[in-house]
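There are 2 protein chains.
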Amino acid sequence: MQTVSDPRCICCLRGILPTISRKWAICIISLLGHSGQMRFNEIVEHCGHISPKTLSEILKDLLDAGLVERKSFHEIPPRVEYSLTEDGKSLREALVPLLKWAKDRNQRYNYSLFASCLQAPDP
Amino acid sequence: MQTVSDPRCICCLRGILPTISRKWAICIISLLGHSGQMRFNEIVEHCGHISPKTLSEILKDLLDAGLVERKSFHEIPPRVEYSLTEDGKSLREALVPLLKWAKDRNQRYNYSLFASCLQAPDP
DNA sequence: CCGTATCCAGCGGGATACTG
DNA sequence: CAGTATCCCGCTGGATACGG
Numbered sequence: 171m172q173t174v175s176d177p178r179c180i181c182c183l184r185g186i187l188p189t190i191s192r193k194w195a196i197c198i199i200s201l202l203g204h205s206g207q208m209r210f211n212e213i214v215e216h217c218g219h220i221s222p223k224t225l226s227e228i229l230k231d232l233l234d235a236g237l238v239e240r241k242s243f244h245e246i247p248p249r250v251e252y253s254l255t256e257d258g259k260s261l262r263e264a265l266v267p268l269l270k271w272a273k274d275r276n277q278r279y280n281y282s283l284f285a286s287c288l289q290a291p292d293p
Numbered sequence: 171m172q173t174v175s176d177p178r179c180i181c182c183l184r185g186i187l188p189t190i191s192r193k194w195a196i197c198i199i200s201l202l203g204h205s206g207q208m209r210f211n212e213i214v215e216h217c218g219h220i221s222p223k224t225l226s227e228i229l230k231d232l233l234d235a236g237l238v239e240r241k242s243f244h245e246i247p248p249r250v251e252y253s254l255t256e257d258g259k260s261l262r263e264a265l266v267p268l269l270k271w272a273k274d275r276n277q278r279y280n281y282s283l284f285a286s287c288l289q290a291p292d293p
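Respectively, the protein sequence lines represent chains L and X.
Read left to right, the first sequence gives residues 171 to 293 (our numbering).
Read left to right, the second sequence gives residues 171 to 293 (our numbering).
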């Protein structure tokens with residue numbers, strides 16, 4: 171058993187887990203964090219196989235959760251840019267140990283899961 | 171864009187995400203980490219509303235992933251105990267920053283999601 | 001006690017076509 | 001360009017009954 175005071179108590183996650191465990195969600199957070207801001211179709215292109223319906227749903231989830239910000243420039247053709255809120259950025263940082271764990275683990279097991287990686291250089 | 175060298179590159183998660191994002195998975199990892207070892211029906215009782223079929227599936231996932239260990243004592247009636255492997259334990263620790271982030275965030279938004287918490291004291 | 005077998009409902013996500 | 005509308009499929013997870 172565990173109490174709320176235990177730093178490893180998982181109950182705090184209940185609210186946000188359905189959002190961030192959705193397919194593509196962490197990917198998009200990572201992408202936005204890295205690029206600063208992106209347009210709808212930019213995200214589509216970088217994800218590769220996400221349908222517009224799915225992307226629109228997930229962005230809505232992330233917007234509602236306050237993790238992502240949406241800026242609409244009232245132009246024609248329309249331009250909309252998505253970026254991380256401060257909350258989203260801190261989430262991204264909070265995920266680092268998990269990513270590190272996964273990376274170490276992959277190497278230990280000689281997994282080669284990197285083929286599907288996004289490959290452009292850091293800015 | 172991002173590279174594999176970026177500690178925030180999410181591609182490493184691809185292998186494990188389907189496993190740990192399943193309903194109950196993180197809960198069970200947290201539970202086992204806290205109790206040391208648990209029997210099948212103990213887990214059921216602590217989760218409250220998990221069906222045996224679901225639990226058995228998730229345990230299988232976690233076993234295959236090498237996060238959980240299964241010890242069967244060949245007795246009658248049967249006794250089986252589940253516990254975290256070293257890998258599972260390190261995953262649990264890697265989740266701490268995420269949990270901390272979620273906790274801070276809940277407090278910031280005055281969420282009261284703690285009602286559903288596991289409530290026995292720490293050992 | 002520790003599961004598996006079976007059946008079923010809901011929904012997450014893909015493909016595609018369409019609109020403002 | 002930035003989505004929405006529709007349709008459809010497969011998977012996940014619940015309930016229940018049963019087996020070793």
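By construction, the Cβ of each residue, glycine as well, lies at the ideal position given by its N, Cα and C atoms.
Small disclaimer: the values here were computed from a predicted structure and weren't measured.
Inset, instruction - Below 7 Å between beta carbons is the criterion; list the residues of the region 267-279 of chain L that meet it against any residue of chain X, in chain order. - result: Pro-267, Leu-268, Leu-269, Lys-270, Trp-271, Ala-272, Lys-273, Arg-275, Asn-276
Legend entry - Which of helix, strand or coil DSSP assigns to Ser-191 of chain X: coil
Legend entry - Closest residue to Leu-254 of chain L among L:Cys-182, L:Lys-241, L:Arg-178, L:His-216 (Cα-Cα distance): L:Lys-241
Legend entry - Given Val-266 of chain X as reference, the closest of X:Ser-200, X:Gly-206, X:Ser-205 once Cα atoms are compared: X:Ser-200
Legend entry - Residues near Met-208 of chain X in its chain [Cβ-Cβ closer than 8 Å; skip 5 each side]: Leu-201, Leu-202, His-216, Glu-251, Tyr-252, Ser-253
Inset, instruction - Using a Cβ cut-off of 7 Å (strictly closer), state whether Leu-261 of chain X contacts chain L. - result: yes
Inset, instruction - Drop a sphere of 10 angstroms on the beta-carbon of His-244 of chain X, count the other beta-carbons inside from all chains shown, and report buried for 16 or more, exposed for fewer. - result: exposed
Inset, instruction - Over the uninterrupted alpha helix (DSSP H) stretch that includes Leu-261 of chain L, give me the two end residues. - result: 256-264
Inset, instruction - Tell whether a beta-carbon distance below 7 Å holds between Ala-264 of chain L and Ile-228 of chain L. - result: no
Legend entry - C-alpha gap between Arg-262 of chain X and Leu-237 of chain X, whole angstroms: 10 Å
Inset, instruction - Using a Cβ cut-off of 7 Å, pull out every chain L residue sitting near Pro-177 of chain X, in sequence order please. - result: Val-266, Leu-269, Lys-270
Legend entry - Cβ-based neighbour list, Leu-233 of chain X, same chain, cut-off 7 Å, excluding 5 preceding and 5 following: Arg-240
Inset, instruction - Determine the direct distance from the alpha carbon of Asp-257 of chain X to that of Tyr-279 of chain L, and round the result to whole angstroms. - result: 12 Å
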